[in-house]
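I have placed the structure first, in the form of structure tokens, so that the comments after it can refer back to it.
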Amino acid sequence: MRAARARRESLLDGSLTFVELLAESGVRLDASAVVYFSRWITPVQFSRRYDTRFFLARHPGGEPELTREHTAFAWLDPADALARFAAGRLPMLFPTRTTLELLDRFRSLDEVFHAFQGRVVKPILAELIFEAGRVRPAPVVLE
20 MRAARARRES LLDGSLTFVE LLAESGVRLD ASAVVYFSRW ITPVQFSRRY
70 DTRFFLARHP GGEPELTREH TAFAWLDPAD ALARFAAGRL PMLFPTRTTL
120 ELLDRFRSLD EVFHAFQGRV VKPILAELIF EAGRVRPAPV VLE
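Offset between the sequence shown (1-based) and this note's numbering: plus 19.
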């Protein structure tokens, strides 16, 4: 376990790349088990911008290890996470909320994978709309 933590720290500090870690470990990833789901770009008004890609994958089981990147974790279905957000008990960024609202429409994980497998992903720019003294985000699909 100590060796795994040391490798993770090396990943986080940039002294080891993910590809190098896989090669050292003799691990090969099954990319066919991952579905490219969405791509979100931070609003242009923000000084710090991100271009983030999201993927669907099945959880292999077990509990994740908390690291310095985490403060807590919980496994929640989309409806429960959205209910906690609406009650003010779970902070959530706009792309996360929008994604969970989409995922909540499906009855099963198999349905989600089937719906998004092979789909062309277009980037979404989270645009800020200013109305009546309030700011609200709105997704804009880029071509």
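Idealized CB from N, CA, C, for every residue including glycine.
In the three-state scheme derived from DSSP, where H, G and I count as helix and E and B as strand, V154 is classed as strand. Looking at the DSSP output, S57 shares a beta bridge with F73. With contacts defined by Cβ atoms closer than 9 Å, A98 and D123 form a contacting pair. By the Cβ neighbour-count rule, S57 is buried, with 16 or more other Cβ atoms within 10 Å of its own. The way I'd put it, the region 144–159 does touch the region 48–62; three or more beta-carbon pairs between them come closer than 8 Å. Contact between L109 and R103 holds, with the beta-carbon distance rounding to 4 Å and staying under 8 Å.
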